[in-house]
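Structure record follows, encoded as structure tokens.
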Amino acid sequence: MAVREAATVGTPGPRRDEEAALLFQRVHYRHDPRWLLPVTPRLCLACALELLPEPSVSLLRKKHMLSCFQDALVRHTSLVTQLVSQDQRVCIRFISVLFGLLHSVEDGSVTDLCIEVIIQLTTQLKLEQTTRCLLDECHKELCNMPSMRGSLATLTLLGKLVDAIPALADELVMEHGNLMEHLLRGLVYPSEGIQASVCYLYGKLYSSPVAAEMLSGHFREKLFPLFLSILDGAQTKELQINCLGLLRQLLKYDLFVSMIMNKDELGESAKNIEGSSGDTSLPLVLKKLLLSRDETLQVASAHCITAVLVHSPAKHAPAFIHADIPEFLFEHLSSSSEMLVWSSYNCLTLLAEEPLFFSKCHTVYGIEAVVRSLQGSLEMNNTELHKQGLLLFTEILTRQPEEIKLFTNSAMCRDAGRALQEAVSSPVLEVAAEAVKATSAFLRKDHQSAPPVQYGELQSLLEAMLNRCAEFSQTLLNRRPLGHASSRNSEKAILQRGKFLLSTLEGFRSACRLAIEFQSEPSAQENPFTAPSAKKEDTLEAFSEFLLSACDSLCIPMVMRHLEQTTHPALMEVFLSILHSLFVIVPHMKEKFSKKLAASSFIRLTLELKARFCSGLSHSALNQVCSNFLYYMCLNLLSAPEKTGPPSEEELSAVSELLQHGLPQISSRSPESLAFLSDRQYMEGAARQRQYCILLLFYLAYIHEDRFVSEAELFEAVQSFLLSLQDQGERPPLVVFKASIYLLAICQDKDNTLHETMVSAVRKFLEGIPDLQLVYTHHPLLLRFFLLYPELMSRYGYRVLELWFSWEESSCEELDDVTSAGQPALPTSLAVLFQLLRSIPSILLILLDLIYSSPVDTAHKVLISLRTFLRRNEDIQVGGLIRGHFLLILQRLLVEHGASPSEASGNLPLLLSLLSLMQLKNVSEQELDSMAMKLLHQVSKLCGKCSPTDVDILQPSFNFLYWSLHQTTPSSQKRAAAVLLSSTGLMELLEKMLALTLAKADSPRTGLLCSAWLLTASFSAQQHKDSLQVHQTLSVEMDQVLKALSFPKKKTALLSAAILCFLRTALRQSFSSALVALVPSGAQPLPAAEDTVLAPLRTSQVQSLVIGLQNLLVQKDPLLSQACVGCLEALLDYLDARSPDIALHVASQPWNRFLLFTLLDAGENSFLRPEILRLMTLFMRYRSSSVLSHEEVGDVLQGVALADLSTLSNTTLQALHGFFQQLQSMGHLADHSMAQTLQASLEGLPLSTSSGQPPLQDMLCLGGVAVSLSHIRN
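Residue numbers for the sequence shown follow our numbering, beginning at 4 and rising by one.
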């Protein structure tokens, strides 16, 4: 009492009333305080034991007490369990009271509360005796019931108790076995509530594997027939859910699944049980639930179907398919419930393992629903839903029979492709991975054959797939752990990337396979519905080229990056099969693609794969793929070589067979392969074929700069190989020997040479080959190889150089006519050749023979190369060697083709061009030796046998003759001129050429005409000077010459200069040359009195010549102007000697003043140009003040005084010196200041030898014409 009073002190009124309701006041004072809960709610266990069974206490108060007790049990679990467990008898009594209350009240809420309290208390106390006592009470209660009417509470309690304590399931079955009979009574009792409780309890019992095994017989004989009938006829959702729950538990066991699905095998006793329905089957029951409008039942039904199928789809799927379950599952894919859609995906995925699923055309019916469902689900944020949908789609695409078309129109196929494109772009890797697998299955011919084929959509899908893979690979690379991060995570990431890359490559391989299969389908080449005039975009050709481009830009880089981390055989197998298929897909690009692969070290990569994984019998599939890839790549490289001629069909067929048999046998690493190649023991056929294959692989790799084996070791190995062949008396295939020669040349060290035995062996092999071209591979080191050894050069030097130049693509055109200063770098190939020429000059003789006898384009390359070599190597004296050999060639030509040398060889002009170059290269004032004189004789003889139309021969010949005359000493000039003048044929040819001047001035012979006039002028001057014997006189019509000067054609300034040079020579000789005779042009008028004085010129001719010279001067061409001034000087001298008045008249013409000032108007300090200075000097000499006044002369002198004379050329300085001397000799300078200016200018005039300007080259080639500037000028 004291405790109770203390507990109530200070408690507010309402709360005191509440606590009083929890106590049984009438008896509480007798209770020991230890049964009082020390916290709120202040309930007394003893009071509860007396209050709850008391009939006089209201049900509401009892419910309140139970509610408070439950609340205390939840909030103060430990305190309540301590309170209850103080005395086990009290505990058992309390549970018994609660159990009694459970059966004495009909209020459902109180019943549920009692059950909850009992369950919570039992589970918290964990007292075995208490639990057993409770089970006994329940069993006793059910046994004592005449009817199952009041069993609901007990059954519910048992079900929840077994749910809370799963171990009780086994105890119930083992110790209360006859309880199952009462449960069967409950199942047949016409109350769905009781049936639901029984099903719930059964579900908990069958959740235990031990109990389930013990109850298997009970299920077979008694429960199963009732259960399916109840499930089929259930009306309440509670019963339906509990039945499905029981079914889910049963379907965990293969035994029960077999019983349920094979209902016909059950015994007659089971079929005759009351309440069972013999016609009910599980597929039909579940189909009925699928058709319900309740989402929960639909999901549960789908789960049950899945639970059956996981045991054996092949065994159980047909029953569901025959029940048309797939049709309704496809319908549910349009549901907004993610759980229902996911469950339907699961069921359909398992059903897709059964062929009947496809033969019944369920997929054709449901594919549209699948695609639309995928499109909708991808908009949701449910990764599992995405994965399961894609898994179903993959299964359908993979297993669909080819004869049953899945996509009946291209629109549906397009929608499917777009859904996959969205899925592969998913940021979730698992979703993207499933989408990639689906893409691989999607790219099947029968899936894409609905016209028109959507190549554009397929391309977008593949681009998305490859970009997603590249993005994922890059993401992993960027997330590499730093420092000492776990290597396990790194390995996991690499493995994950490898799997994704493998799936991507499999998808790409499917696309390649699709392209190959469509090549034989005419309707798949392009869109048949495209208008004829429209641009065709969706074509197989464009798709094929996309595949090649995508592989090159995406697949290959991704795989190579992955190989830096790890190598996976399966991945490489798929990758190499893709590369192999691309040779077939884009046949017009296979050679180019093979060359790029070879240059990217794919021969090395494939051999390393074979060595690492394919030794013995391991990875036979990878070995076959590697061998096929190498086989086709090697054939492509050999069929369209870049640096050698293609093999014949027979050779290619032999190599094909060789590679086909030998490549699968190669699985050794490079050192082992080299050792095998070096083995000189006797080789059987198969072993020798393997050696051939190894050598060809090294050859093709080296050609494409993939030198993955040591050059020194390979050099020795190839030598051993060739010696082994020689020892066994074998001759290798041409392609193999070609590879051997190439590798020997490439791998030979600069300081190392072959032994004589090896050189002899090589020569013996070469002797059995009809043409060196069959084993030639273009490379400068191969050229060096053949020219380095005299034994090889003597026999094959000419042919190898001919082949080398015919293959050489390096152009020396830009190197031609380049001065030594600022020379561009030589191509590597020419550098090697030039080095050989420096060390072995005799090669030059072979090159000369090549220029003469090889095809024109090859000879032209040789000529340019020789020109460049001679210009860059002026220190090498090879002129005598070349001229001597050229002389022999020329003599042989004249003997064999003396009548018509132009028909001898089309390359003769090239040889002559080289000869003229050699002459130009000579140092001036050099004596002509006997060899040079013989060449002059032979060349002049050759010219005499040509006609004016043989321009290609005559032009270089004339150049040689002209330079020979002007680049030697006076004594040699005399001898040379005598030799040339003795050539009657040459003189006759020159006469013909001069006669063609006027009519053919604008023809391609213009350059040749220039040379003819210059030679004539040179011959005439030399003959006149040395009184040489003339064997043939040249007749020239003066009127025609003047006409050519008066009416010059366009772009013929050099021709005019050459004619003026001839006229100047004739005027200086006063037309008295024994070589050149001026003849009249037709009938001439009677000469006038003044004509007699000027004979053989007439006054009209002088006027015509002066006018022509004035017109030519106005053109302001430097070379032509100097020739005009020189001719004018000679003309005035000629006139002055015969009639000074006429000479003065010509020099003083007013037109001359206009001409002079026109020339002076050419620019600043134009008066310092040599031709203008010479012209002013000429006018001053004839005192032509009307042309140039004293004041104007003074202005010129002042300008000279201000000019920087050190910058003037020697030619200008000489002209200026002549101008000053002329003025000084005239004595016209009365002005003292002008005299002083003149004197200062003369004293400051530097000598020609000390001028700061380098001397100008006198011998030039202008437009292909040999010219001596001093000859034109003076």
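Every residue gets a Cβ at the ideal spot worked out from N, C-alpha and C, and that includes glycine.
Since the structure is predicted, the reported quantities are computational estimates derived from the model, not experimental observations.
Closer than 7 Å by C-beta to residue i: which residues in its own chain qualify, once you throw out the five before and the five after it? Chain order, please.
| i | result |
| --- | --- |
| residue 1111 | 1045, 1048, 1049 |
| residue 708 | 602 |
| residue 520 | 448 |
| residue 703 | 601, 606, 637, 640 |
For residue i, collect the residues of the same chain with a Cβ closer than 6 Å to its Cβ; drop the 5 residues on either side in sequence, then sort them by chain order.
| i | result |
| --- | --- |
| residue 1227 | none |
| residue 242 | 195, 198, 199 |
| residue 303 | 247 |
| residue 354 | 320, 329, 360 |
Smallest Cα separation from residue i: which of the options?
| i | options | result |
| --- | --- | --- |
| residue 869 | 858, 859, 846, 891 | 846 |
| residue 657 | 676, 735, 405, 624 | 735 |
| residue 911 | 930, 865, 301, 929 | 865 |
| residue 759 | 750, 722, 737, 772 | 722 |
| residue 429 | 1272, 383, 401, 221 | 383 |
| residue 680 | 696, 667, 574 | 696 |
| residue 742 | 990, 718, 409 | 718 |
| residue 102 | 515, 132, 160, 1215 | 160 |
| residue 141 | 202, 158, 130, 128 | 158 |
| residue 342 | 310, 305, 318, 351 | 305 |
| residue 475 | 613, 434, 448, 457 | 434 |
| residue 871 | 840, 856, 1153 | 840 |
| residue 1300 | 68, 470, 673 | Since the displayed the chain opens at 4 and closes at 1277, residue 1300 lies outside it and no answer follows. |
| residue 913 | 851, 1172, 1109, 1038 | 851 |
| residue 186 | 226, 171, 147 | 226 |
What are the partner residues of residue i, as DSSP defines its beta bridges?
| i | result |
| --- | --- |
| residue 1269 | 1264 |
| residue 862 | Its beta-bridge partners do not exist; DSSP assigns none. |
| residue 1037 | 1079 |
| residue 39 | 47 |
| residue 780 | 647 |
| residue 529 | 542 |
Got a sec? Which residues, its chain only, sit under 8 Å from residue i by beta carbon, not counting five neighbours each side?
| i | result |
| --- | --- |
| residue 548 | 589, 592 |
| residue 1155 | 1113, 1182, 1187, 1190 |
| residue 344 | 335, 336, 338, 376, 380, 388, 392 |
| residue 506 | 436, 439, 440, 443 |
| residue 1277 | 1129 |
| residue 189 | 151, 154, 158, 197, 198, 200, 201 |
Any heavy atom of the ligand GDP inside 7 Å of the beta-carbon of residue i?
| i | result |
| --- | --- |
| residue 1065 | The ligand GDP is not part of this structure, which contains no ligands at all. |
Inset, instruction - Output the residue ranges of the alpha helix (DSSP H) runs that lie fully inside the segment 383-453 and measure 4 residues or longer, sorted by chain position. - result: Qualifying alpha helix (DSSP H) stretches, in chain order: 386-402, 413-427, 432-445, 448-451.
Legend entry - Completely contained alpha helix (DSSP H) runs for the segment 627-691, where each covers 4 or more residues: The DSSP assignment places complete alpha helix (DSSP H) segments of no fewer than 4 residues inside the segment 627-691 at 652-665, 673-681, in order along the chain.
Inset, instruction - Report yes or no: do three or more beta-carbon pairs, one from the segment 1070-1078 and one from the segment 1112-1129, lie closer than 8 Å? - result: These segments do not touch.
Legend entry - Validate contact between the segment 774-787 and the segment 640-651 using beta carbons, cut 8 Å, 3 pairs: Between the segment 774-787 and the segment 640-651, the count of Cβ pairs shorter than 8 Å is three or higher; the stretches touch.
Legend entry - Uninterrupted beta strand (DSSP E) stretches inside the segment 143-184 (no shorter than 3 residues): Listed in chain order, the beta strand (DSSP E) elements of length 3 or more contained wholly in the segment 143-184 amount to none.
Legend entry - Meets three-Cβ-pair contact criterion under 8 Å: the segment 1093-1109 and the segment 1006-1022: Proximity of the segment 1093-1109 to the segment 1006-1022 falls short of the contact definition, fewer than three beta-carbon pairs being nearer than 8 Å.
Legend entry - Any 3 or more C-beta pairs closer than 8 Å across the segment 1025-1032 and the segment 966-981: The segment 966-981 and the segment 1025-1032 touch, with three or more beta-carbon pairs separated by less than 8 Å.
Legend entry - Three CB pairs or more closer than 8 Å across the segment 622-629 and the segment 680-692: The segment 622-629 and the segment 680-692 do not touch, with fewer than 3 CB-CB distances between them shorter than 8 Å.
Inset, instruction - Count the CB pairs spanning the segment 1061-1070 and the segment 1128-1135 that are closer than 8 Å, and state whether there are at least three. - result: Short answer: they touch.
Legend entry - the segment 246-263 contacting the segment 208-219, beta-carbon criterion three pairs below 8 Å: The answer is yes - the segment 208-219 touches the segment 246-263, with three or more Cβ pairs under 8 Å.
Inset, instruction - Give a yes or no on contact between the segment 835-851 and the segment 783-797, applying the rule of three or more CB pairs nearer than 8 Å. - result: Counting Cβ pairs under 8 Å, three or more are found: they touch.
Inset, instruction - Mind listing, in chain order, the continuous alpha helix (DSSP H) runs of no fewer than 4 residues lying wholly within the segment 61-124? - result: Taken in chain order, the complete alpha helix (DSSP H) segments of 4 residues or longer contained in the segment 61-124 are 62-78, 80-87, 91-107.
Legend entry - Contact between the segment 451-464 and the segment 490-501 (3+ Cβ pairs under 8 Å): Counting C-beta pairs with one atom in each stretch, the segment 451-464 and the segment 490-501 have fewer than three that are closer than 8 Å, which means they do not touch.
Inset, instruction - Tell me, please, whether the segment 136-152 touches the segment 84-91 by the rule of three or more beta-carbon pairs shorter than 8 Å. - result: The segment 136-152 is not in contact with the segment 84-91.
Legend entry - Runs of beta strand (DSSP E) wholly within the segment 1117-1186 (minimum 3 residues, chain order): Whole beta strand (DSSP E) segments, 3+ residues: zero.
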